[in-house]
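The structure appears below as structure tokens.
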Amino acid sequence: MKKHNFFWISYSDLMTSMFFVMMVLFIVTIIKLRGTIEALEEEKEILQTVQKNVEQLQDRNDLFIYDSKYKRYTLKFDVQFVTDSSAISSTSLENYHTTRTKLVETGTELKKIIDNLKYLQRTDSAYQNVSYMIVVAGSASKSGKEDHNFELSYLRAYNLYKFWRDEGKIDFDEESYHELVEFQIAGNGIGGVGRFEPDPGKNFTTRNQRFIINVVPKIGSYNVNKDETSTNLDFR
């Protein structure tokens, strides 16, 4: 009888101990999950703020329009170069004066996005891991040799950077922006998505003699293990 009672007492103690162990594990799991959920909610809020910051471009519907096919914003006006030219000048651009004014306005709107992030970083430390990447990529038609088209497309992008810097007083590569934006210049040659189809009877179209501007919000990891998130928004 005593042995029988001892078994049930030991069994009861074991079950009680296991109950407390499971209770502790349950509480620890809940605490960790709550921390993860809070971190994800914070990151989601930051992502939504950064996304909304870019979406303000919709307010300038005279400059930007959303391209649902490629899920990006594009310029509502054409920036079209004369064949075999790359300068931002009256001899190289069609409709130069109108295009020049709109290019300055475009640079100003992009600068507002970066400046708004600068303000957010000053007022909220959670935005320290947020930045943008701006890539200006030139494009060319298929009317010339491949190497020349790559060189020409790069010069179109580079000349836009110089135009913004010298005429618009907008320099995304200046030192004060280095923590906010990574600025790159590239030439796509005759490559890239969203190119215009050739003109009737030709194997190329001059409408591809232009540049594309890619704006990429970069949101780093916070309190959870998560790959960097980015959203690609293009401007043509």
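Note that this note's numbering has the sequence shown beginning at 8, numbered continuously upward. Beta carbons: idealized from backbone N, C-alpha and C, even for Gly.
Practice problem: Would you mind working out which of His155, Lys118 and Val142 sits nearest Phe183, comparing C-alpha positions? | Solution: The amino acid at residue 183 is misidentified as Phe; the sequence shows Ser. Comparing Cα positions, the closest option is Lys118.
Quiz item: Between which two residues does the alpha helix (DSSP H) harbouring Ser160 extend?
Solution: Glu153 to Asp173
Quiz item: So, helix, strand or coil for Ala94, using DSSP?
Solution: coil
Quiz item: Leaving out five residues before and five after Lys83 in sequence, what residues of the same chain have Cβ atoms less than 8 angstroms from its Cβ?
Solution: Asn68, Asp69, Leu70, Phe71 and Ile72
Quiz prompt | Bridge partners - Asp74, DSSP secondary structure assignment | solution = Arg79
Quiz item: Applying the criterion that 16 or more other CB atoms from any shown protein chain within 10 Å of the CB defines a buried residue, is Val31 buried or exposed?
Solution: exposed
Quiz prompt | Spatial distance of Gln55 from Pro224 (CA atoms) | solution = 11 angstroms
Quiz prompt | Bridge partners - Leu127, DSSP secondary structure assignment | solution = For Leu127, which the question treats as bridged, DSSP gives no partner whatsoever.
Practice problem: Grab the span of the beta strand (DSSP E) containing Tyr139 for me, first residue to last. | Solution: Val137 to Gly145
Exercise. Indicate the three-state DSSP secondary structure (helix, strand or coil) for Glu181 in the structure shown.
Key: coil
Practice problem: Flag this pair as touching only if the segment 130-141 and the segment 156-176 have three or more C-beta atom pairs under 8 angstroms; answer yes or no. | Solution: no
Exercise. Within its chain, find whatever has a CB closer than 7 angstroms to the CB of Val57; leave out the 5 residues flanking it on each side and keep chain order.
Key: Val137, Pro224 and Ile226
Practice problem: Let me know the secondary structure DSSP gives Gln65 once reduced to three states. | Solution: helix
Quiz item: If you drop the 5 nearest sequence neighbours on each side, which residues of the same chain put their C-beta closer than 6 angstroms to that of Tyr229?
Solution: Unreliable placement is indicated for Tyr229, whose pLDDT of 47 sits below 50; the coordinate value is still reported in the next sentence. Correct list, in chain order: Ala46 and Glu50.
Self-check item: Gly196 - containing beta strand (DSSP E), residue span
Solution: Premise fails: Gly196 is in no beta strand (DSSP E) and is neither H nor E.
Self-check item: Where Met25 falls, given that 16 or more other Cβ within 10 Å makes a residue buried
Solution: exposed
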